[in-house]
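Residue numbers (my numbering), protein chains in the order written: chain C, 489 to 802; chain H, 44 to 337.
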């Protein structure tokens, strides 16, 4: 009798082997479900259902912006060295989840080679930007010659809350390419994840949650760009919008027009690479993409310059 | 003199939870926000209050948001007695009342003579409303008659000024005490009963306010007199304010949905109400960057 029970238990354990996961938003260091209660289905190449992903609404955007605003000042006020350490730590945690990322990307249509190359590139990019936190001021700050008795100097400061519209692909590298310069700059962000390939973004949220990044600095919400871009581009408490030119032209125009309300900075980068490009020549595509992302000027774009006139006397 | 009425704390909690589920959206939300703004006692009660700060507060009371001239002004500003004259000089030609805390605010730890003088001074400077504190020490040691007499004497020197009695519910310990202090204050002549000074945590909470509202309802049923209610401290968001309004309507009825019988004592609430108001009108979530601090 006792033996039979054991074998029953084992079979039960086996059927429970893979529990489909419900992916959620990442707001203020927590994983709330979308307020809407709506979901869309993400399917593998073979049509198999992989996961339900939340269709977030303006209220999720509102909550995320609120969290980002609250967290921003303390992030910007950390020492540059400390911010570098925290960003570096993301790469450490990300490496531990290599396999999960690769599997998820392959499920969604990546070739294994492209997925692995992309994750390598992500790690390299994180370490690259982690190094910039305490150098950006030295390289780009300046002492300016002026024709009066003033010590005149300029330094970079954070702008505030940033709305990041992730490119569809490369799903992780593209998002990090837009995110990391902002983290270095001292901004806090609300990321609208890729609609077609949301899993790497959602898993990246889990990386953040277990790293040292303070709650609220990076918030990730999933859903339709056509539903999430209007509220974020109209939001008066968002200071910068970044995305890339693969975004639908009407939505890009909306970003530009609505941003006039509070003078948001709007940056649309050249289009990132498509999945076809990534899969057909992964080596060349990823290395070109990485090369263009490793650029400190991306940090300058999302900072503001403060110039101080300090009186001096003989 | 005052009966001790038992309070069902669990029942109160459940009632409050029920009130908080009401969905107030769109047009009704706009009306509620409009009402909340008209019911506001814009308050600054800091030791650091300078002339400039009070001047700024008065201007905010007159023109909550200059880009929207149609937005209603608040009910009153609430300041310390030595800032009443300044507030009066700015708000003289407006409908905004001047409320002043008095009676050795916030502790109330002084002699009756000094408390009375404090009130007389505020009234002579031009205060329309006096927010007094009760002697919690005396109340908690059972000297109810002393507390009653103090309120009655202060009411006398108030003259035409309205008297709001602050119970400081955060120091009273139990809902029974809150109910008892409410009954006592109303019998002694209070025009309003008010939860807190804002200096003690917890300040206004919904269960406490519900108990006070029920006391007002019972007092009205027995005497026919309508006493006002003012929750103060801790109400920072429009959502909270609307929940309070729902509770007032469902406990006391429409008569109390008026600035003459209900007030919010708050400072940061005003900006949130304005932000929500503009959000409802424009569909844009607002930023605190564009609203003045005071």
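Just so it is clear, CB atoms sit at the ideal spot from N, CA and C, and this is done for glycine as well.
Proximity of residue i and residue j at Cβ, strictly below 9 Å
| i | j | result |
| --- | --- | --- |
| residue 161/H | residue 204/H | no |
| residue 224/H | residue 176/H | no |
| residue 745/C | residue 717/C | no |
| residue 240/H | residue 246/H | yes |
| residue 236/H | residue 207/H | yes |
| residue 669/C | residue 537/C | no |
| residue 141/H | residue 120/H | yes |
| residue 773/C | residue 564/C | no |
| residue 736/C | residue 757/C | no |
| residue 218/H | residue 50/H | yes |
| residue 228/H | residue 194/H | yes |
| residue 556/C | residue 750/C | no |
| residue 100/H | residue 87/H | yes |
| residue 767/C | residue 511/C | no |
| residue 143/H | residue 165/H | yes |
| residue 730/C | residue 666/C | yes |
| residue 577/C | residue 700/C | yes |
Cβ-based burial, residue i [other Cβ within 10 Å; buried from 16]
| i | result |
| --- | --- |
| residue 797/C | exposed |
| residue 83/H | buried |
| residue 779/C | exposed |
| residue 268/H | exposed |
| residue 109/H | exposed |
| residue 54/H | exposed |
| residue 629/C | exposed |
| residue 648/C | buried |
| residue 606/C | buried |
| residue 560/C | buried |
| residue 514/C | buried |
| residue 542/C | buried |
| residue 111/H | exposed |
| residue 675/C | buried |
| residue 173/H | buried |
| residue 633/C | exposed |
| residue 126/H | buried |
| residue 56/H | exposed |
| residue 184/H | exposed |
| residue 60/H | exposed |
| residue 741/C | exposed |
| residue 319/H | buried |
| residue 266/H | exposed |
Three-way DSSP call (helix, strand, coil) for residue i in this model
| i | result |
| --- | --- |
| residue 85/H | strand |
| residue 491/C | With a pLDDT of 49 at residue 491/C, under the threshold of 50, the modelled position of this residue cannot be trusted; read the value that follows with caution. Helix, per DSSP. |
| residue 223/H | helix |
| residue 707/C | strand |
| residue 794/C | strand |
| residue 638/C | strand |
| residue 336/H | coil |
| residue 325/H | helix |
| residue 732/C | strand |
| residue 754/C | strand |
| residue 787/C | helix |
| residue 766/C | helix |
| residue 780/C | helix |
| residue 759/C | coil |
| residue 726/C | coil |
| residue 209/H | strand |
| residue 61/H | helix |
| residue 719/C | helix |
| residue 330/H | coil |
| residue 701/C | coil |
| residue 747/C | helix |
Rounded distance between the beta-carbons of residue j and residue i, thought under 8 Å
| i | j | result |
| --- | --- | --- |
| residue 689/C | residue 671/C | Not quite, the Cβ-Cβ distance comes to about 15 Å (not below 8 Å), so this is no contact. |
| residue 656/C | residue 684/C | 5 Å |
| residue 593/C | residue 659/C | 7 Å |
| residue 713/C | residue 728/C | No, residue 713/C and residue 728/C are not in contact; Cβ-Cβ is about 17 Å, not under 8 Å. |
| residue 835/C | residue 326/H | Nothing in the structure corresponds to residue 835/C, since chain C is present only between 489 and 802. |
| residue 226/H | residue 188/H | That belief does not hold up - the Cβ atoms of residue 226/H and residue 188/H are roughly 14 Å apart, past 8 Å. |
Every unbroken alpha helix (DSSP H) within the segment 555-601 of chain C, with a cutoff of 4 residues, ordered by chain: 568-584, 586-595
As an exercise, report each continuous beta strand (DSSP E) stretch of at least 3 residues that is fully enclosed by the segment 157-206 of chain H, in chain order. 172-176
Every unbroken alpha helix (DSSP H) within the segment 506-546 of chain C, with a cutoff of 4 residues, ordered by chain: none
Please specify which runs of the beta strand (DSSP E), each continuous and at least 3 residues long, are wholly inside the segment 224-260 of chain H, giving them in chain order. 235-237
Considering only residues of the segment 645-687 of chain C, which uninterrupted alpha helix (DSSP H) runs meet the minimum length of 4 residues and lie entirely inside it, listed in chain order? 661-673
Can you check the segment 91-154 of chain H for any alpha helix (DSSP H) of at least 4 residues that lies completely inside it and give the ranges in chain order? 94-105, 127-134
Which runs of the beta strand (DSSP E) at least 3 residues long sit entirely within the segment 264-322 of chain H? Give them in chain order. 271-273, 307-309
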